[in-house]
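Below is one structure, written out as structure tokens; the observations come after it.
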Amino acid sequence: MNPSVETWLIGLTSIVIVVATLYIATSGVIAHIMTRAQRKSPHDDPTWDAHKLDRVSFTSRGSDLALAGWYLRAARADRAVVLVHGKDCCRGDELKTSTYDLVQSLVQSGLSVFMLDLRGHGESSSARMTYGLRERFDVLGAVDWLLERGYKPGSVGLLGASMGGACAIAATRIEPAIGALITDSAYADFSDMMQRRFRRLSGMPNVFLPGALFMSRLFTGVRFERNRPADDATAFAGLPMLVIHSDQDPFVPLDHAQQIATAAGAGLWVTQGEHHISSYRRYPNEYKQRVGQFFHAHLSGTSESSHAAVATLSASVPLAPMELEKQAA
Numbered sequence: 006m007n008p009s010v011e012t013w014l015i016g017l018t019s020i021v022i023v024v025a026t027l028y029i030a031t032s033g034v035i036a037h038i039m040t041r042a043q044r045k046s047p048h049d050d051p052t053w054d055a056h057k058l059d060r061v062s063f064t065s066r067g068s069d070l071a072l073a074g075w076y077l078r079a080a081r082a083d084r085a086v087v088l089v090h091g092k093d094c095c096r097g098d099e100l101k102t103s104t105y106d107l108v109q110s111l112v113q114s115g116l117s118v119f120m121l122d123l124r125g126h127g128e129s130s131s132a133r134m135t136y137g138l139r140e141r142f143d144v145l146g147a148v149d150w151l152l153e154r155g156y157k158p159g160s161v162g163l164l165g166a167s168m169g170g171a172c173a174i175a176a177t178r179i180e181p182a183i184g185a186l187i188t189d190s191a192y193a194d195f196s197d198m199m200q201r202r203f204r205r206l207s208g209m210p211n212v213f214l215p216g217a218l219f220m221s222r223l224f225t226g227v228r229f230e231r232n233r234p235a236d237d238a239t240a241f242a243g244l245p246m247l248v249i250h251s252d253q254d255p256f257v258p259l260d261h262a263q264q265i266a267t268a269a270g271a272g273l274w275v276t277q278g279e280h281h282i283s284s285y286r287r288y289p290n291e292y293k294q295r296v297g298q299f300f301h302a303h304l305s306g307t308s309e310s311s312h313a314a315v316a317t318l319s320a321s322v323p324l325a326p327m328e329l330e331k332q333a334a
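Under my numbering, residues 6 to 334 are what the sequence shown spells out, in order.
Put into structure tokens, the structure is as follows:
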């Protein structure tokens, strides 16, 4: 072989090896960041410490993974709502802000509330994130805890935000005891969301997305491209469900909410907002009213108490005209 050609081939091979190594290494770093939560303590807000909480230890369904939770029992305690947070959040911070007022409103209206730290978050056991593929079993562990304490099938509802919404959808597909579901800012298709938002989320060009997904699979053992909550939602179409989303969400596009609502035959409430999970922060009173009315209307329980609570909630806060115009049937 011509020495100059041989030198050229060696140089080219070296460049390919270096580029491939850098690609794999960069993809690995991105995958590591993608699958590890930034833990936040649920005690960062002192308001919760002043509230009477039952601190709960339980396990994820089907495993011995230890999880932490809070339980607030309503006076009648015949219906309950499980709040499910998203990535890098924790119990009490499910909506990217303190949910103290929301929880207090639900409990006072007669709905018990269970809040949990998903695996790898808050005070729960360490584990890599799978964006709902495994966390669904954490939610089901919370549902099991409630059922074991006398709550009947159909009396437990879920409210999940962002990744928590995907977890709630996946859990509802498995568990028929869940009576109603609300998602806020949930994604319909994880791969599609990442394809459209990867640069914003990672700071890197989309060329690294396939590598990051591949490395994530090596780290977690799951295929992230199979994470399609909209497909899960078709399995329980007809179950009472409300989908909430901000029209200018920078991370999860609005059409994802529309896909989920269509798949599940759910109601859709679109609010004006430029941030992820911003509906509660921007419209707290309307949010509390809609959520409370929805669960009282659709969770099984003592009908007399349900009707009284709905009447109280309906009289408390008038709905904003803008929100009524944006709500789809």
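Note that the Cβ used here is the ideal one computed from N, Cα and C, for glycine as well.
Of the residues the options, the one placed nearest residue i, counting alpha carbons only
{"i": "A79", "options": "V61, F119 and A42", "result": "F119"}
{"i": "A268", "options": "Y76, A240 and S251", "result": "A240"}
{"i": "R233", "options": "L88, R295, R286 and H261", "result": "H261"}
{"i": "H90", "options": "I20, S284, G165 and A235", "result": "G165"}
{"i": "G97", "options": "Q113, L116 and H56", "result": "H56"}
{"i": "P303", "options": "G159, R124, L206 and S207", "result": "It is His, not Pro, that sits at residue 303 in the sequence shown. Of the listed residues, the one whose Cα sits closest to H303 is G159."}
{"i": "E128", "options": "A235, R60 and M168", "result": "R60"}
{"i": "C95", "options": "S46, G270 and M134", "result": "S46"}
{"i": "S305", "options": "A173, T31, I35 and L116", "result": "L116"}
{"i": "F219", "options": "K157, T26 and G33", "result": "G33"}
{"i": "D143", "options": "S65, Q263, T31 and I38", "result": "S65"}
{"i": "R41", "options": "R81, T52, G125 and A191", "result": "G125"}
{"i": "S190", "options": "R84, L247 and L58", "result": "L247"}
{"i": "A182", "options": "M168, S221 and L152", "result": "L152"}
{"i": "W75", "options": "L111, G155, A147 and Q264", "result": "A147"}
{"i": "R84", "options": "S114, Y292 and L100", "result": "S114"}
{"i": "L72", "options": "F299, L206 and L123", "result": "L123"}
Residue i: first and last residue of the uninterrupted alpha helix (DSSP H) it sits in
{"i": "T225", "result": "L214 to T225"}
{"i": "M199", "result": "F195 to S207"}
{"i": "Y292", "result": "P289 to H303"}
{"i": "A235", "result": "P234 to T239"}
Coarse secondary structure for residue i, derived from DSSP in three states
{"i": "H48", "result": "coil"}
{"i": "T267", "result": "helix"}
{"i": "M168", "result": "helix"}
{"i": "V23", "result": "helix"}
{"i": "M39", "result": "helix"}
{"i": "S62", "result": "strand"}
{"i": "P192", "result": "For the sequence presented, residue 192 should be read as Tyr rather than Pro. The answer is coil: DSSP assigns Y192 none of H, G, I, E or B."}
{"i": "A107", "result": "In the sequence on display, residue 107 carries Leu and not Ala. Helix."}
{"i": "V86", "result": "strand"}
{"i": "L121", "result": "strand"}
{"i": "Y156", "result": "coil"}
{"i": "A147", "result": "helix"}
{"i": "P102", "result": "This sequence places Thr at residue 102; Pro is not what is there. In this structure, T102 counts as coil in the three-state DSSP scheme."}
{"i": "L163", "result": "strand"}
{"i": "I259", "result": "Looking at the sequence shown, residue 259 is not Ile but Leu. Helix."}
{"i": "S311", "result": "Unreliable positioning characterises S311 in this predicted model, as indicated by a pLDDT of 42, which lies under 50. A coordinate reading is not provided."}
{"i": "I282", "result": "coil"}
{"i": "S9", "result": "helix"}
{"i": "G33", "result": "helix"}
{"i": "A80", "result": "coil"}
{"i": "A176", "result": "helix"}
Outcome for residue i when other beta-carbon atoms lying within 10 angstroms are tallied against a minimum of 16
{"i": "G162", "result": "buried"}
{"i": "A242", "result": "exposed"}
{"i": "Q294", "result": "buried"}
{"i": "L27", "result": "exposed"}
{"i": "D69", "result": "exposed"}
{"i": "S19", "result": "exposed"}
{"i": "I38", "result": "exposed"}
{"i": "P335", "result": "Only positions 6 to 334 of the chain appear in the structure, and residue 335 is not among them; the question remains open."}
{"i": "H48", "result": "exposed"}
{"i": "V296", "result": "buried"}
{"i": "S9", "result": "exposed"}
{"i": "P245", "result": "buried"}
{"i": "T188", "result": "buried"}
N-terminal and C-terminal residue of the beta strand (DSSP E) that residue i is part of
{"i": "T188", "result": "I183 to D189"}
{"i": "S251", "result": "M246 to S251"}
{"i": "Y76", "result": "A71 to L77"}
{"i": "G272", "result": "G272 to T276"}
Residue-chain proximity (residue i, chain C), Cβ-Cβ < 9 Å
{"i": "F241", "result": "In the displayed structure, chain C is absent; only one protein chain is listed."}
Do the stretch 286-295 and the stretch 211-229 meet, that is, are 3 or more Cβ pairs less than 8 Å apart? no
Decide if the stretch 165-182 is in contact with the stretch 205-225; the criterion is three or more beta carbon pairs, one per stretch, under 8 Å apart. no
Would you be able to state if there are at least three C-beta pairs under 8 Å between the stretch 271-279 and the stretch 243-252? yes
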